[in-house]
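Here the sequence shown stands for residues 7 to 284, where the numbers follow our numbering.
Ideal Cβ placement from N, Cα and C applies to all residues, glycine included.
These numbers come from a predicted model, not from an experiment.
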Amino acid sequence: MRNSSFEQDGFLVIPDAVSTQTLRTIRRRIREMVDDFDPNGVSTVFSTNDQSHSRDDYFLTSGDQIRFFFEDGVLDDDGHLLVDKHQSLNKIGHAMHDLDDVFRRFCRSTPFADAADAVGMTDPRLLQSMIIFKNPHIGGEVTPHTDHTFLWTEPQSVIGFWLAIDAATEENGCLWALPGGHRLPVKSRFRRTPDDAATEMEVFDEQPYPDEGWVPLEAEPGTLIALHGSLPHRSSANTSDQSRLAFTLHCIEGSAAYPADNWLRRDLPASGFQAANC
Ligand code: FE2
C-alpha cells in the first residue's frame with residue numbers, strides 16, 4: 007500500500023536512506039568518471055556547423071549510453087572549456103544503472119527498491135539515471151516541470167528517486183515541490199518530432215504553475231526523495247560556494263506502455279531491481 011504522505015503530497019522524503027560509506031563510494035566513482043572524461047570529444051561535437059543538430063543527436067542517442075552534458079556558458083565559441091572540467095558539467099546520463107558496475111549495483115540496492123515499494127510501484131523498471139552536479143556559482147536553475155512530461159507512459163507511471171549526495175539547501179539550489187500538485191493535469195509533453203531528428207514540447211495548458219504553495223525540500227547527504235511523475239518540482243541556480251551533487255533514478259511500471267516518440271530510447275531492456283547481472 008502506498009505511503010499516505012506520498013499519496014497526499016506527491017513526494018516522500020526518506021532521511022538517512024543511504025549510508026555515509028556508500029555515499030563515499032559513489033562520490034569516488036563520480037570523481038573517476040569525470041577524471042576519465044575527455045571534454046574535447048564533446049566540445050568537438052558542439053562546435054560543428056550544425057550545432058543544434060549535433061547537440062540533439064548527442065542527447066537523443068544518450069538513453070542507453072553514459073554521456074556528459076555541460077552547463078550553459080562554460081564553452082567559448084570554439085567549443086573550448088572556460089572552466090575546470092570538474093566544475094563544468096551539468097549532468098552525466100542516462101544509463102549508468104546498466105553500464106557502470108558501481109552504479110548498476112547501487113541502483114539495485116535496498117534504498118531504491120524499498121522506496122519504490124513505499125510509493126506503491128508493483129513492477130518497477132529502471133529507465134534513466136543521472137548524476138546532477140549543480141556546481142558552485144555555475145549550476146543553473148531547473149524550471150518548474152513534471153517528470154511525466156519527459157518520460158511519458160500510458161498510464162502515467164514514472165517515479166523519480168532523487169538522492170542528496172551533498173547537503174541540499176535553499177542556498178545551493180535544493181529541490182522545491184508543490185505539495186498536492188500531482189493531482190493537477192500535466193501541462194506539457196516533451197517528445198521527438200515526427201521526423202525523429204529533434205525534440206519538441208507539446209503544450210496542453212499554457213497557464214504557469216501558481217507562485218504560492220511551493221516548499222523547499224532541504225536534504226542532508228543520504229536523504230532520498232521520491233517524486234510522483236505528475237508532481238511539479240524545480241530548483242534554483244546554485245549561487246553559493248557549496249556544491250549540490252545529487253543522483254537521480256527514474257523508474258516506470260513494467261505494465262505501462264512506453265510510446266516510441268519518447269525522447270529517451272534504449273536498445274537495452276529496462277530491467278527491475280532484481281536483475282540477474284548485478
Ligand atoms: Fe525532474
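Original post:
For THR159, is the classification buried or exposed, using 16 other Cβ atoms within 10 angstroms of its Cβ as the cut-off for buried?
Top reply: Residue burial annotation: THR159 is buried, with at least 16 other C-beta atoms found within 10 angstroms of its C-beta.
**OP:** State the Cα-Cα distance for the pair ARG111 and HIS103, rounded to the nearest angstrom.
**Re:** One C-alpha to the other measures close to 8 Å.
**OP:** Report yes if the C-beta distance between PHE109 and LEU95 is below 7 Å; otherwise report no.
**Re:** No, Cβ-Cβ distance for PHE109 and LEU95 is not below 7 Å.
Subject >> Residues that CYS113 bridges to, as DSSP identifies them >> reply: Per the DSSP secondary-structure output, CYS113 pairs with nothing in a beta bridge.
Original post:
Where does GLY187 fall in DSSP's three states?
Top reply: DSSP places GLY187 in helix when its eight states are reduced to three.
Original post:
What does a CB cutoff of less than 6 Å around ASN268 pick up in its chain, not counting 5 residues either side in sequence?
Top reply: Answer for ASN268: TRP158, listed in chain order.
Original post:
Between which two residues does the alpha helix (DSSP H) harbouring GLN14 extend?
Top reply: Where GLN14 is concerned, the enclosing alpha helix (DSSP H) stretches over 10-15.
Original post:
In chain order, what are the residues with a CB under 6 Å from some non-hydrogen atom of ligand 1?
Top reply: So the residues near ligand 1 by this Cβ test are HIS151, ASP153, GLY166 and HIS239.
Subject >> Through-space distance from ILE144 to ASP82, alpha-carbon basis >> reply: Distance between the alpha carbons of ASP82 and ILE144 is about 15 Å.
Original post:
Straight-line CA distance for GLU259 to PHE210?
Top reply: If I take the Cα positions, the gap works out to 24 Å.
Original post:
Nearest to PRO201 by CA position, among SER277, ALA121 and ALA266, is which residue?
Top reply: The question names Pro, yet the displayed sequence has Asp at residue 201. Nearest of SER277, ALA121 and ALA266 to ASP201, Cα basis: ALA266.
Original post:
Where ARG8 and VAL221 are concerned, what is the direct C-alpha to C-alpha distance, given to the nearest angstrom?
Top reply: Looking at the two C-alpha atoms, the distance is approximately 22 Å.
Original post:
Exposed or buried, THR67, counting other C-beta atoms within 10 Å across all chains shown (16 or more means buried)?
Top reply: An exposed status is given to THR67, since fewer than 16 other beta-carbon atoms sit within 10 Å of its beta-carbon.
Subject >> Straight-line gap, ASP2 to ASN141 (C-alpha atoms, nearest Å) >> reply: Past the edges of the chain, shown from 7 to 284, lies residue 2, and the structure says nothing about it.
**OP:** Report the residue from LEU190, GLY235 and TRP182 whose alpha carbon sits nearest the alpha carbon of SER242.
**Re:** Measuring from the Cα of SER242, the nearest candidate turns out to be TRP182.
Subject >> Three or more C-beta pairs below 8 Å linking the stretch 37-46 and the stretch 243-250 >> reply: Between the stretch 37-46 and the stretch 243-250 there are fewer than three C-beta pairs closer than 8 Å, too few to call the two in contact.
**OP:** Go to LYS140, then tell me how far its alpha helix (DSSP H) extends in each direction, as first and last residue.
**Re:** Under the DSSP assignment, LYS140 falls outside any alpha helix (DSSP H); it carries neither an H nor an E label.
**OP:** Decide yes or no for the touch test of the stretch 160-176 against the stretch 211-230: beta carbon pairs closer than 8 Å, at least 3 of them.
**Re:** The stretch 160-176 is in contact with the stretch 211-230.
Subject >> Neighbourhood of LEU29 by C-beta distance below 8 Å, restricted to the same chain and skipping five residues each side >> reply: Correct list, in chain order: ILE171, PRO227 and GLY228.
Subject >> When HIS86, GLN27, LEU251 and LEU233 are compared against GLY186, the one with the closest alpha-carbon >> reply: Relative to GLY186, the option among HIS86, GLN27, LEU251 and LEU233 whose CA is nearest is LEU233.
**OP:** Determine the DSSP secondary structure at ARG33, reduced to helix, strand or coil.
**Re:** It is helical.
Original post:
Is ASP78 close to chain D, meaning its C-beta is less than 7 Å from at least one C-beta of that chain?
Top reply: This model lacks chain D altogether; it includes just one protein chain.
**OP:** With DSSP as the reference, label LYS193 as helix, strand or coil.
**Re:** Coil at LYS193, not helix or strand.
Original post:
For VAL192 versus THR152, is the C-beta spacing smaller than 7 Å?
Top reply: Contact: yes.
**OP:** Assign SER25 to one of two classes, buried (16 or more other C-beta atoms within 10 Å of its C-beta) or exposed (fewer than that).
**Re:** So SER25 counts as exposed.
Subject >> Where VAL209 sits in the DSSP three-state scheme >> reply: In the structure shown, VAL209 sits in a strand (DSSP, three-state: E or B).
Original post:
Which value, in whole angstroms, describes the spacing of the CA atoms of THR54 and PHE167?
Top reply: In this prediction, THR54 scores a pLDDT of 47, lower than 50, which makes its location untrustworthy; no coordinate-derived value is stated.
Original post:
Count the other CB atoms within 10 Å of the CB of HIS188; is the residue buried (16 or more) or exposed (fewer)?
Top reply: Buried is the call here.
Original post:
Whole-angstrom Cβ separation of GLN134 and LEU274, contact assumed at under 8 Å?
Top reply: At roughly 11 Å, the Cβ-Cβ gap does not stay under 8 Å, so GLN134 and LEU274 are not in contact.
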